[in-house]
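Comments concern the structure below.
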Amino acid sequence: MKTFSSLLLSLSLCLMGGMVSNVAVAKKLTDDELRARSMDQGRTLQSRIRALKKLYSHMLIDGEIPPRTTCVWDVLGKQGPIYASTIDQALRMKHYGISLKVEAYTNEQDVVDKLKSGYCDTSIMSGGQAKQFNDFTGSIEALGSLPTREHMKYLMQVLASTRAHKKMQQGDYHIVGVIPIGASYLFTHEERKPTLKRIFKGKAAVVSSDAGQRALFDDFGMKVILDQNSAAAAGAYNLADADVVIAPLVGYNMFNLGVGLKNGSIVDYPIAQMTLQVVSRIDTIPPEVGQFLREDLFIKLNMMYREVEKNSREVPREKMFKFSTREKKLLDSKVAAIREQITAEGGYNKGMMRLQKKIRCKLDKTRQECLEI
219 MKTFSSLLLS
229 LSLCLMGGMV
239 SNVAVAKKLT
249 DDELRARSMD
259 QGRTLQSRIR
269 ALKKLYSHML
279 IDGEIPPRTT
289 CVWDVLGKQG
299 PIYASTIDQA
309 LRMKHYGISL
319 KVEAYTNEQD
329 VVDKLKSGYC
339 DTSIMSGGQA
349 KQFNDFTGSI
359 EALGSLPTRE
369 HMKYLMQVLA
379 STRAHKKMQQ
389 GDYHIVGVIP
399 IGASYLFTHE
409 ERKPTLKRIF
419 KGKAAVVSSD
429 AGQRALFDDF
439 GMKVILDQNS
449 AAAAGAYNLA
459 DADVVIAPLV
469 GYNMFNLGVG
479 LKNGSIVDYP
489 IAQMTLQVVS
499 RIDTIPPEVG
509 QFLREDLFIK
519 LNMMYREVEK
529 NSREVPREKM
539 FKFSTREKKL
549 LDSKVAAIRE
559 QITAEGGYNK
569 GMMRLQKKIR
579 CKLDKTRQEC
589 LEI
């Protein structure tokens with residue numbers, strides 16, 4: 219997707235300090251003052267970048283940024299759109315004196331392991347996998363926490379604020395980008411108009427890292443098949459080893475879900491807002507750069523959603539059905555109860571849950587939960 223190109227371009231612009239030898243801050247400033255300037259959203263971008271270059275001048279070798287390795291999870295490998303757009307941007311970045319080594323992995327666990335080992339400076343992975351590096355952004359995909367795209371847009375605005383900057387950092391890692399890829403839905407092998415009884419029966423394929431999905435299906439008494447990743451879960455659905463799987467609409471092509479959907483349907487009920495997240499090592503990608511990239515992502519939010527729509531275009535809309543109003547309310551209540559239970563057990567970040575509740579109540583003050591605020 220084009221979004222990754224914009225991310226990498228922003229990274230190059232922020233880190234190519236030393237390319238122009240006569241760039242300098244007007245007076246000698248302390249590191250704290252330089253850092254404050256780089257984070258001041260009231261300043262021009264050029265002013266902030268100058269401060270950032272000065273602050274991290276020690277990272278330059280012969281006036282250039284040392285090579286950085288970006289590991290990309292793309293289920294289609296080097297033939298996939300994410301890898302292709304990243305490679306294209308890497309070639310352009312050579313003009314800025316930055317060498318970017320881009321590697322594609324079809325197994326998401328590989329980009330996780332190589333980031334931990336230090337081989338990758340940055341890895342692009344699902345929000346579910348990113349949770350182990352940052353449980354704040356890793357809890358964005360909590361069940362029913364962001365009912366619509368509008369809710370997600372409000373959250374992205376908050377994440378782009380410098381007030382959220384420290385929340386992006388945990389341990390040796392920070393989240394330099396959150397990329398929305400649309401809501402996830404129930405893909406089923408039930409072709410009739412959906413009811414809770416018809417949909418929540420049999421076996422469900424669930425990614426092992428998603429406690430919310432597992433709890434939802436457990437609550438309905440379904441047999442849960444745990445899979446290592448999204449591709450494996452989708453495969454179980456396509457092979458009819460599972461009756462239900464939860465996936466975003468962009469997964470229709472990515473995971474070839476049309477195979478399983480030939481004898482099935484999609485329940486038009488957004489389970490969660492899904493993301494890809496860009497996780498970086500703090501020792502190689504400065505936190506201030508992450509702030510720049512998050513701001514850039516928010517500016518390009520509408521463009522990102524156009525990409526989501528483009529990649530969801532082939533989903534057969536005649537296969538999508540809604541629950542009745544009564545059953546939707548029942549499922550809403552069940553999802554909320556499960557989310558609260560997982561939060562109480564430490565499975566979801568409480569700070570993110572409070573933030574998402576504020577967003578829900580901002581957009582709909584009549585919700586029962588909002589009467590308690």
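So the sequence shown is numbered by this note's numbering: it starts at 219 and just counts up by one. Where is the CB? At the ideal position from N, CA and C, for every residue including glycine.
**Buried or exposed (CB count within 10 angstroms, at least 16 for buried), E587** = Counting the other Cβ atoms within 10 Å of the Cβ of E587 gives fewer than 16, which makes it exposed.
**Asked** If you pair each beta-carbon of the stretch 528 to 538 with each one of the stretch 329 to 337, do three or more pairs fall below 8 angstroms?
**Response** No: fewer than three Cβ pairs fall under 8 angstroms.
**Prompt:** Taking DSSP as the reference, what is the three-state secondary structure of H392?
**Reply:** Three-state result, H392: strand.
**Prompt:** Distance, Cα to Cα, Q259 vs S379?
**Reply:** If I take the Cα positions, the gap works out to 8 angstroms.
**Asked** Can you name, in chain order, every residue of its own chain whose Cβ lies under 7 angstroms from the Cβ of A375, other than the five neighbours on each side?
**Response** Residue 375 is actually Gln in this sequence, not Ala. Hits under 7 angstroms: F516.
**Request:** Look up G236 in the DSSP assignment and say whether it is helix, strand or coil.
**Result:** At G236 the pLDDT is 41, less than 50, meaning the model places this residue with poor confidence; the figure from the coordinates comes in the next sentence. In this structure, G236 counts as coil in the three-state DSSP scheme.
**Request:** Buried or exposed for G362, please, with buried defined as at least 16 other CB atoms from any protein chain shown within 10 angstroms of its CB.
**Result:** Per the 10 Å Cβ criterion, buried.
**Item:** Helix, strand or coil at D338 according to DSSP, with G and I counted as helix
**Value:** According to the sequence shown, residue 338 is Cys rather than Asp. Under the three-state reduction of DSSP, C338 is assigned to coil, being neither helix nor strand.
**Request:** Could you have a look at T493 and say whether DSSP puts it in helix, strand or coil?
**Result:** Secondary structure of T493 (DSSP, three-state): strand.
**Request:** From the DSSP output, in three-state form, read off D461 for me.
**Result:** Residue state, collapsed to three classes: coil.
**Prompt:** Can you tell which of L263, R512, A554 has its C-alpha closest to the C-alpha of G395?
**Reply:** Considering only alpha carbons, the answer is R512.
**Prompt:** In chain order, what residues of the same chain have a beta carbon less than 7 angstroms from the beta carbon of V468, not counting five sequence neighbours either side?
**Reply:** I399, G400, V526, N529, S530.
**Request:** With hydrogens ignored, establish whether the beta-carbon of L515 is closer than 8 angstroms to any heavy atom of the ligand GDP.
**Result:** In terms of ligand content, the structure shown is empty, and the ligand GDP therefore cannot be addressed.
**Item:** Rounded straight-line distance, which links the Cα of L247 to that of I489
**Value:** Straight-line Cα distance between these residues: approximately 49 angstroms.
**Request:** Inspect the CB distances between the stretch 492 to 510 and the stretch 251 to 258 and report whether three or more fall short of 8 angstroms.
**Result:** Flag = yes, the stretch 492 to 510 and the stretch 251 to 258 touch.
**Request:** State yes or no: is the C-beta of Q574 within less than 9 angstroms of the C-beta of N352?
**Result:** Cβ distance not < 9 angstroms, so Q574 and N352 don't count as in contact.
**Prompt:** Based on Cα-Cα distance, which residue from A302, P365, S341 lies nearest to V553?
**Reply:** Among A302, P365, S341, the Cα nearest to that of V553 belongs to P365.
**Item:** Rounded straight-line distance, which links the Cα of F541 to that of F418
**Value:** In this model, F418 and F541 are separated by some 12 angstroms (Cα to Cα).
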